[in-house]
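Scroll down for the structure; my scribbles are underneath it.
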Amino acid sequence: MSAATIRTGRAQLGLPRLIILCGCLALSGLVNASSSLSTSYSSSSDLTPRASENTQAPAYPSGQSRARGAQEAMPGRPLTATFVNPGLRGERFWDMVTDTMQAAALDLNISLEVVYAERNPYLLKKLAIQALESPAAPDYLLLVNEEQAASELLTIADGHDTHVVMLLNGLTREEALTHGTPGSLHPSWIGSVIPDNHTAGKRMATQLIKVAREGSPTRQLHGLALIGDTRTPASIARNTGMVAGFSQDQDVQIDRILEARWNTRDAEHLTAQYLKWVSRSSGQNDLIWAANDAMAEGAILALESAGLTPGVDVLVAGLNWSPEGISMVKDQRMLLTDGGHFMAGAWAMVMARDHADIEDWSPRTVNFPMSPITHDNVARYGPLLKNPDWEAADFAAFGLQASWDDYGFDPMRVLTQMLDQQASTSGSSPQATATQKKTARSSAPMDAPQ
């Protein structure tokens, strides 16, 4: 059977080979760094720890504990947690992670401190070690294994009383050979909360093909893939999902896979250069797969500068559920924005609370789904994501009733909660709305269906 084709620079590679290379963490070999389509930027960051944010959980009466099947008000003893955010303060995605984490911390009686590593893996390690060695070390340290910067911290954490939860980026396969799974080799490591990036990346590709085929049932389709990086586990999973999705149609040819480093500027530049190449070669471009909304936005800007209409001449898919992505889906410049993965921070808070409250807790890795916001559901969910009020969600409702239960982490359930909250408070005064929120949280059973 023939396969769809990926072109990188001047090379052509069949998709089956590409899948194998991705599995070996070698997708970077397929991104032609020396190609005229590539670009390079340098940045530096000092190792001075940045100011932190602190979300102080409200004080609850002593002795109040979380009910297991009963309808009690709030979780038990106050907990402390530090999140080493690997991103930049003000960076859209990482702000969304922090915002949902802070809302969950308020629900769960957790005092949360957030410090920023400014996309510097060395600073990430330094901040984590400072937290572990602090006289007021937190009960829980929340880490993202960005660029494999966090794995060695597990050994250091074993020498302290702080527990570690990993989120978003877990260990690579190679790291897992050394460090195992939560609780297996490192007693400090109680769990990981990982979104299903592979399925999201695949879904984006298959939806691009599906919609493109509605207008062109038989002809060969050509496309561009803008990836973020080839190092972090989440990005690798998203990239391999993209490859798997496009490989389902033998008449899809991905002309270039280009690393746009998660940002709009690089994506706009690379897409503009790609479009010039397409024009010079008398080719065509039907699809653009972008690993996040920022890169999708850059691609859209380049398309518009070239006189093309995104959503009509070229289909674009992104990922993040960002307000910008929601707007681009709403005005039909973008086919979809997949996402919900930023709620991993909230789920990490839930896991920490359960670890503290459940005596026979067992370490685990929890994989949770992501979902697309499309033209079909953007009117329903878009307003919630453009102007989110995460405190309207009840993250405590996602806690376990017993250690052997499975988590039902699902971002769409959170959005449904928020819609229900809006419906129940519509027409109420601000004071009444606040009272209803408080009452709903204190009276709802922990396993109430959402």
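The opening residue of the sequence shown carries number 556 in the numbering used here; numbering runs sequentially from there.
Just so it is clear, CB atoms sit at the ideal spot from N, CA and C, and this is done for glycine as well.
Can you find the residues in the same chain that come closer than 8 Å, C-beta to C-beta, to residue i, ignoring five residues on each side of it along the sequence?
i: V905; result: A659, L663, F950, A951, F953, G954, Y962, F964
i: T773; result: D806
i: A827; result: A857, S860, A861
i: L602; result: Its pLDDT being 38, under 50, L602 is placed unreliably by the model, and nothing is read from it.
i: I764; result: L776, G800, F801, Q803, D804, V807, L842
When the Cα of residue i is compared with those of the options, which residue comes out closest?
i: P918; options: G778, R632, Y671, L740; result: L740
i: P943; options: M651, G631, P641; result: M651
i: L679; options: L696, G838, P641; result: P641
i: R728; options: T637, A792, D821; result: A792
i: D654; options: E946, A978, Q977, L970; result: E946
i: M889; options: G900, A899, S877, S666; result: S877
i: G796; options: S837, N840, A845; result: A845
i: I928; options: Q887, A948, D804; result: Q887
i: P1008; options: V719, Q956, M656; result: Absent from the model: residue 1008. The displayed extent of the chain is 556 to 1005, so no value can be given.
i: E668; options: A691, S979, S981; result: A691
i: T800; options: V833, L813, T754; result: One detail in the question is off: residue 800 reads as Gly in this sequence, not Thr. With distances taken between Cα atoms, G800 lies closest to T754.
i: H777; options: L940, W832, H734; result: W832
i: A847; options: R647, R632, F638, P633; result: The sequence given here has Asn at residue 847, not Ala. When only C-alpha atoms are compared, the closest one is R647.
i: W902; options: D804, A705, P750; result: P750
i: D1006; options: T736, T733, A767, Q808; result: Missing from the structure shown is residue 1006; the chain here goes from 556 to 1005 and no further.
i: M850; options: D716, N675, R820; result: R820
i: A899; options: T710, Q685, N724; result: N724
i: Q976; options: D960, A948, P966; result: A948
i: L813; options: R835, L781, G746, S837; result: L781
i: Y695; options: G735, K941, T635, G738; result: T635
i: G714; options: L726, L722, L687; result: L687
i: N922; options: V748, M656, D716; result: V748
i: G783; options: L940, E769, L825, M973; result: L825
i: L940; options: H734, L974, I809, M721; result: L974
i: G735; options: T717, R968, T920; result: T920
i: M925; options: W817, G631, G756; result: G756
i: L661; options: N818, L863, P633, R644; result: P633
i: T637; options: V670, I809, R835; result: V670
i: S689; options: T717, R816, E769, E673; result: T717
i: I665; options: G631, R644, E673; result: G631
i: N752; options: P966, N794, L643, Q972; result: N794
In terms of DSSP beta bridges, what is residue i paired with?
i: N640; result: Y671
i: M721; result: L698, S747
i: I684; result: For I684, which the question treats as bridged, DSSP gives no partner whatsoever.
i: S771; result: Partner(s): none; S771 has no beta bridge.
i: A780; result: I812, W844
i: L634; result: I665
Take residue i and list the residues in its own chain whose beta-carbon comes closer than 6 Å to its own, dropping the five residues that flank it on each side.
i: L779; result: R811, Y829, I843
i: E823; result: G853, L856, A857
i: E730; result: S706
i: N840; result: H777, V833, V869
i: A683; result: V639, L708
i: P865; result: I855, L858, V871, R888
i: N818; result: A849
i: G746; result: V720, P737, M906, P918, R919
i: A614; result: Because A614 sits at a pLDDT of 36, beneath the cut-off of 50, its placement in the model cannot be relied upon, and the following sentence gives the value as read from the coordinates. For A614, where only same-chain residues beyond five positions count, there are no Cβ hits under 6 Å.
i: A606; result: Only weak support exists for where A606 lies, its pLDDT of 44 falling under 50; the coordinates are left without a value.
Leaving aside the five residues before and after residue i along the sequence, list all residues of the same chain whose C-beta is less than 7 Å from its C-beta, in chain order.
i: V933; result: I881, V884, K885
i: S958; result: I913, D915, W916, S917
i: H930; result: V884, Q887
i: I711; result: I684, L687
i: Y936; result: I928, L970
i: L863; result: V869
Original post:
Mind pulling the beta strand (DSSP E) runs of 3 or more residues that sit fully within the region 822 to 903?
Top reply: Complete beta strand (DSSP E) runs here, min 3: 842 to 845, 870 to 874, 891 to 894.
**OP:** Note down, one range per segment and in chain order, each alpha helix (DSSP H) of at least 4 residues found wholly within the region 784 to 829.
**Re:** 788 to 801
Subject >> Three CB pairs or more closer than 8 Å across the region 893 to 900 and the region 850 to 867 >> reply: no
Original post:
Using 8 Å as the Cβ pair cut-off and three pairs as the minimum, do the region 880 to 887 and the region 902 to 916 touch?
Top reply: no
Original post:
Can you find at least 3 beta carbon pairs, one from the region 696 to 706 and one from the region 782 to 796, that sit closer than 8 Å?
Top reply: yes
Original post:
Between the region 865 to 875 and the region 745 to 764, are three or more C-beta pairs nearer than 8 Å?
Top reply: yes
**OP:** Starting from the N-terminal side, write out each stretch of the alpha helix (DSSP H) that is 4 residues or longer and does not extend beyond the region 899 to 934.
**Re:** 899 to 912
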